[in-house]
Amino acid sequence: MPALPPLDNEPILPPQPPMRLRAVALAVLVHVGLIGALVGVNWKPPTDTVLEAELWSELPQEAAPAAAQTAPPPPPAPVPTPAPAPVEPPPPPPAPVEPPPPPPPAPVPPPPPEPEVTPEPDPQLVLEQERKEREEAERKRQLALEAAKKKQEQEAAKKKAAEEAAAKKKAEEDAAKQQAAEEAAAKKKAEEEAAKKKAAADAAAKKKAEEEAAKKKAADEAAAKKKAEDEAAKKKAEEEAAKKKAAEEAAEKKKAEEEAAKKKAAEDAAKKKAAEEAAKKKAAAEAAKKEAAEAEARRAANLANIQGMAGATGASNATGTAERSSGPSAGWGGQVRQAVRPNIIFPSAIVGNPAAEVEVRMDGSGRVIGRRITKSSGNAAWDDAVLRAIDKTQKLPLDNGRAIPSAILVFRPND
1 MPALPPLDNE PILPPQPPMR LRAVALAVLV HVGLIGALVG VNWKPPTDTV LEAELWSELP
61 QEAAPAAAQT APPPPPAPVP TPAPAPVEPP PPPPAPVEPP PPPPPAPVPP PPPEPEVTPE
121 PDPQLVLEQE RKEREEAERK RQLALEAAKK KQEQEAAKKK AAEEAAAKKK AEEDAAKQQA
181 AEEAAAKKKA EEEAAKKKAA ADAAAKKKAE EEAAKKKAAD EAAAKKKAED EAAKKKAEEE
241 AAKKKAAEEA AEKKKAEEEA AKKKAAEDAA KKKAAEEAAK KKAAAEAAKK EAAEAEARRA
301 ANLANIQGMA GATGASNATG TAERSSGPSA GWGGQVRQAV RPNIIFPSAI VGNPAAEVEV
361 RMDGSGRVIG RRITKSSGNA AWDDAVLRAI DKTQKLPLDN GRAIPSAILV FRPND
């Protein structure tokens, strides 16, 4: 079986009909010939030249009376259509026979007419009468010739028109036959192409059906095989699940026992840790108390040393026992907060505006040597953020060129 062309490249629409050039050219030629014949016919008959002559005789003659012009015969009357014969009634009864009437008398013959005396014709009139008769005969002859010529021309024109009509009809018939033949050929070609396409489509459909059947068979076999494998795997999984469940139950039982033991150990450890933390807190409190006392002692000692080194420079109206006033100026606290504030990192929001009081101890250059919360804000995170910011700042600004050994600073979130 020869290979069929692919259906994707074949158009589905019917083929275009061929150009009917021959039929169109033949129709145009027939119309051109008809127009030429109509233009070439001489529709106006030629006008004959009529000559008129007068005859003169030596003696005057009287013209003969004009010949009576014979009127053309009337056209034959139309034959009336015979009416349908009426149904004759039955004959009446015979009437009584009457005797014939007597014959009429014979008519009296009229008297014979008197003989008419024929006058002698006038020669001039006779000549004039003859001339008129000749002219009338010539005129009739010319009219007859013209009528015959006109009739001949009309017959020729009719014949030519009939020939042209026949030629035109024949050309139209030939063109129609040609067109019908072309249409039949195109139809036959389209039917053949449609049959080829149908055969190709049937073959492709058959091949596709066979391929799909083979694919379906392979898929069914694969599905059956997979089903068997799935059932075996399911059975194996169920067995393994049963084993695993038994192992898990044993493990859970063991784990519960271990957790109970761990829980008891954890409780014992928690109790021990709580006791240790309580001891640590107590020791830390005592250490903090001791550190605060030591810091206060160091502060007093540092203050005494500073006052001793600088001499008594207090104001005349000062009432204290120190050599001069050691407190910071009014604007120094704001300078310290401006230095520390950018280093405070505290993203969470705080309800209200709590204040954290911090005691800061510095050396002679303003470097921070110690800090502690003297009064908590109630928010441990805010307190820790303030302490970290002071540690990050490291050095606080001087108060008019002198360092403040110790100061209480207040920090609020919304300041």
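Under the UniProt record's numbering, think of the first position of the sequence shown as 1, with each following residue one higher.
Cβ atoms here follow ideal geometry from the backbone N, Cα and C, with glycine treated the same way.
Give me the DSSP bridge partner(s) of residue i.
i    : result
A176 : None; A176 has no bridge partner.
L409 : V358
R372 : E359
R367 : K395
Quick check on residue i: does DSSP put it in helix, strand or coil?
i    : result
V336 : helix
P84  : With a pLDDT of 49 at P84, under the threshold of 50, the modelled position of that residue is not reliable, and the figure given next carries that caveat. Coil.
D391 : helix
A356 : strand
A403 : coil
A322 : In this prediction, A322 scores a pLDDT of 41, lower than 50, which makes its location untrustworthy; no coordinate-derived value is stated.
A312 : At A312, the pLDDT of 36 sits below 50, so the modelled position is not reliable and the matter cannot be decided from this model.
I350 : coil
G331 : coil
L143 : helix
G40  : helix
L398 : coil
I35  : helix
D384 : helix
Q69  : Legend: pLDDT at Q69 = 47, less than 50; position of this residue unreliable, no value from coordinates given.
D268 : helix
D230 : helix
D202 : helix
N343 : helix
D122 : coil
D220 : helix
N317 : With a pLDDT of only 43 at N317, under 50, the local geometry of the prediction cannot be trusted, and no value is derived from it.
For the candidate residues the options, whose alpha-carbon lies nearest to that of residue i?
i    : options                : result
D384 : R371, L396, R141       : R371
I35  : E130, R139, L387, K160 : K160
R412 : I350, A403, P405       : I350
G401 : G364, I408, V340       : G364
I404 : G366, A251, E291, A266 : G366
K292 : E248, A256, V360, K273 : The amino acid at residue 292 is misidentified as Lys; the sequence shows Ala. Of the listed residues, the one whose Cα sits closest to A292 is V360.
G334 : L409, A279, K263, A283 : L409
L396 : R341, A279, E193       : R341
G40  : A156, E192, K206       : A156
On the premise that residue j lies in contact with residue i, defined as a C-beta separation below 8 Å, what is that separation, rounded to the nearest angstrom?
i    : j    : result
K392 : N353 : Incorrect: roughly 23 Å between the Cβ atoms, too far for contact.
I373 : V358 : 6 Å
V368 : Q394 : 6 Å
A356 : V386 : 5 Å
P328 : A389 : Between A389 and P328 the Cβ distance is about 19 Å, and since that is not below 8 Å, they are no contact.
Q179 : A25  : Not quite, the Cβ-Cβ distance comes to about 13 Å (not below 8 Å), so this is no contact.
Is residue i near residue j, with beta carbons less than 7 Å apart?
i    : j    : result
A27  : A167 : no
V30  : A171 : yes
A37  : E164 : yes
W332 : D415 : no
Closer than 6 Å to a non-hydrogen atom of the ligand ZN - does that hold for the CB of residue i?
i   : result
L38 : As far as ligands go, the structure on display features none, and thus does not contain the ligand ZN.
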